[in-house]
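Some notes on the structure that comes next.
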Amino acid sequence: MSRARLNPCELQIDLFCNGTRLDPSCDLVDDARQVSRTRAGLGSGLEIVIPGPLKDIWTNVPVEEDFAARSPYVLVKEGSEYRVRDDRSGQSYSVRLPAEPRWYGARTSRGTEMRRVGVLQGTYLGIYISNSCLYWYSDPAQNCRFCTTGSNVGVNEMASKHLDDVVEVCRAAKEESGVTFVHFNSGYQAGRDLDQAAPYVQAVKERVGALVGVQLMPTSDLWKYDQLIDLGADHFSFCYEFHNPEFFARYLPGKQKTVGQETFFRALEYTAGLLGKGAVSGEIIAGVEPVKDTLRAIDYITSVGAFPTVCVFRPVIGADMENHPVPRYEDMRPVFEHVYRACKRNGIPIGVAPNIEVSLICQPDDTRYLAHPGPSTWMYETQLKFMKKVARPIFRRKLARRRPRPGACTLEPAC
Amino acid sequence: MLTGVTDAACRAKLDSELSLNPVFAQVVQALRDAAEPFAIDPRAGGLEFAALPVATAAPGRCRMKLFRPREEKDRLCAFFFKKSNIAGSRDRFSYGAVEFLPERLRAEEIQAWIAWLAAGLDPSLRPGNLKRAFLYTIPE
């Protein structure tokens, strides 16, 4: 069957949906970042970079799951180059495998292997700060059905992260890998979620100097967000996963019981108001709920000034939804086309922050490859270029270390 | 059936683990009696068995590791996982673990573990008392 050649974003979406097989010619031990599930099992794939004229696209390609073994794609090594070949069409795409950072194998002063504290997922550093997620410890388990967090901490990564280890890993990632963004996430911590993150946020700001993002269970104590911002948080992301309330309740029993979808919305709206357009994200999974609900989610998220982080559903090994069907490319492409359209309509700055490439998702500025040409697109792209220029000194300041604040780092309600 | 038990490394591994935790002998015997083939991984920590042919996974990928989580405690653990199929990766895909006291281990329980392992760790066939989150580190 003849199949048109895909642009880099389309290839990324198709690879998320199908994964890839690995040809015996591949030498991943020497050429690639080790496939690692550190950070609670979120990144189970092989990191590749798809070069392109607008931008290179970082992609975490499924390779371990059973569906990847049936993929029409195969990664092959030809000489010293890697290519992804589509056996349906015979099309072949040049890709790059980012090398494993040297610091992965180094140890902190406390003797902890750095890769077991945090990993690069694209060009940013992801660290799972907490001691697993409490949903996994209830009986019956209340874990999100697509997730493998609970069964990964203690198996592939340190069960708890010491503050000094985290600082050293962030420093190494900044100095050796040029990391500009550190993203902390955590599972449900029974209302102590933001409090637990506070010391890490402050330490990275004062002892390393980086943009800091926080992805935690939301709280209705909205004042905590003001205080985390005061400590240095630059970004919040809210994983509410499904816009359709029935899917939210069915697949996220813990979030439904303890937090509720509305709390996600209120926190998203509040922090977007505090930090301004494009600094906060709403995270959703595409490919499980009906596409029309995903499109509604994208419209809602962008309407409040946030950007949509849309993950293509991956039936991860060991998850309750391991046998759930993988999404179809034909259904996913319109979703990402809509991401660009909605960001443009709402004037969301995308691709403005320096050196933040997220491999687990098709990020909004990746979707520039799907834009329909025309005056509104030209206008938006011109605005983005301008914003990038204007924001440069702001980000430079944010990447410098902050002067240490005296006193203990705790979140307290204002008197 | 348990293949490769005459291999010197497997024999030595079995002897050392059974001397530390004699109750594991019940599991070894059940694996010997099973219709499906299993193998011992002599290089792994604890006592680790791989299911050889599984329809849904590559041979040797589905595994069960028997070990003692905390030296000072009697409680033992059967940890179920899939091994990474990527060269050089140490990742393990956990399906959970059953914790048990040696004197309370029942033959039916062992049979259920073996059947699950042989079925490729299908999530719908999980043992009822499976724990899926741990506060201890599982040995490699």
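Chains as they are written, first to last, in our numbering: chain A, 1 to 415; chain B, 1 to 140.
For each residue, glycine too, the CB sits at the ideal point set by N, CA and C.
Is the separation between the beta-carbon of L360 of chain A and that of N60 of chain A shorter than 8 angstroms?
yes
Give, in chain order, every residue of the region 82-94 of chain B whose Cβ lies closer than 7 angstroms to some Cβ of chain A.
K82, S84, N85, I86, A87, G88, S89, D91, R92, F93 and S94
Alpha-carbon to alpha-carbon, D226 of chain A and V98 of chain B
43 angstroms
The beta strand (DSSP E) with T309 of chain A in it runs from where to where?
F307 to V312
Out of A:V390, A:Y200 and A:D320, which has the shortest C-alpha to C-alpha gap to F121 of chain B?
The amino acid occupying residue 121 of chain B in the given sequence is Leu; Phe does not appear at that position. Here the closest residue by C-alpha is A:D320.
Restricting to runs no shorter than 3 residues, where is the beta strand (DSSP E) found entirely within the region 29-84 of chain B?
38-41, 47-51, 62-67 and 76-83
Against G150 of chain A, what residues of chain B qualify as contacts under a CB-to-CB distance less than 8 angstroms, listed in chain order?
R132 and A133
Within the present structure, is the beta-carbon of D33 of chain B separated from the nearest heavy atom of the ligand FAD by less than 7 angstroms?
The model on display carries no ligand, and the ligand FAD is accordingly not part of it.
DSSP state of V266 of chain A, grouped into three classes?
Sequence check: residue 266 of chain A is Arg here, not Val. R266 of chain A falls in the helix class under three-state DSSP.
Return no unless some Cβ of chain A is closer than 8 angstroms to the Cβ of P53 of chain B.
no
Using a beta-carbon distance cut-off of less than 9 angstroms, what residues from the region 316-339 of chain A approach chain B?
V316, I317, G318, A319, D320, M321, E322 and N323
For my contact list, E283 of chain A and C239 of chain A are in at a C-beta cut-off of 8 angstroms; report their separation, rounded to the angstrom.
4 angstroms
Can you list, in chain order, the residues of the region 116-131 of chain B whose Cβ is nearer than 7 angstroms to any Cβ on chain A?
P123
Closer than 8 angstroms by C-beta to K224 of chain A: which residues in its own chain qualify, once you throw out the five before and the five after it? Chain order, please.
L194, D195 and L411
Is E10 of chain A close to chain B? Criterion is C-beta to C-beta, closer than 8 angstroms.
no
Output the distance between the C-alpha atoms of R68 of chain B and L47 of chain B, rounded to the nearest integer angstrom.
10 angstroms
So is M1 of chain B buried or exposed if we call it buried at 16+ other beta carbons inside 10 Å?
exposed
Beta carbon proximity, A141 of chain A to chain B, threshold 8 angstroms
yes
Need the endpoints of the beta strand (DSSP E) that E64 of chain A sits in, please.
No beta strand (DSSP E) contains E64 of chain A, which DSSP labels as neither H nor E.
Please name the residues in the region 63-86 of chain A whose beta-carbon is closer than 7 angstroms to at least one beta-carbon of chain B, in chain order.
V63, E64 and D66
Are at least three pairs of beta-carbons, each pair with one atom in the region 207-214 of chain A and one in the region 178-187 of chain A, less than 8 angstroms apart?
yes
Between the Cα of R88 of chain A and the Cα atoms of A:L6, A:G318 and A:P308, which residue gives the shortest distance?
A:L6
Residue-level contact to chain B via CB, Y104 of chain A, 8 angstroms cutoff:
no
Give me the Cβ distance between R83 of chain A and S71 of chain A, rounded to the nearest whole Å; I'm assuming they're in contact under 8 angstroms.
Actually they do not touch by this definition, with Cβ atoms about 15 angstroms apart.
From the DSSP output, in three-state form, read off K26 of chain A for me.
The sequence shown places Cys at residue 26 of chain A, rather than the Lys named in the question. Correct three-state label for C26 of chain A: coil.
Does DSSP put G351 of chain A in a helix, a strand or coil?
coil
Pick helix, strand or coil for V169 of chain A, following the three-state DSSP scheme.
helix
At the 8 angstroms Cβ level, is Y137 of chain A part of the contact set with chain B, yes or no?
yes
Output the distance between the C-alpha atoms of R132 of chain B and W136 of chain A, rounded to the nearest integer angstrom.
7 angstroms
Verify the CB distance criterion: does S186 of chain A have a CB-CB separation below 8 angstroms to chain B?
no
Beta-carbon proximity list for C144 of chain A, same chain, < 6 angstroms, skipping 5 on both sides:
L252
Who are the neighbours of S132 of chain A on chain B, taking C-beta pairs under 9 angstroms?
A133, F134 and L135
Give a yes or no on whether the C-beta atoms belonging to V352 of chain A and I86 of chain B are separated by under 8 angstroms.
no
Beta-carbon proximity check, F307 of chain A vs I350 of chain A, cutoff 8 angstroms:
yes
Nonlocal neighbours in the same chain, by C-beta distance under 6 angstroms from R368 of chain A, ignoring five residues either side
L54
Just verifying my parser: in three-state terms, what is the DSSP assignment at I356 of chain A?
coil
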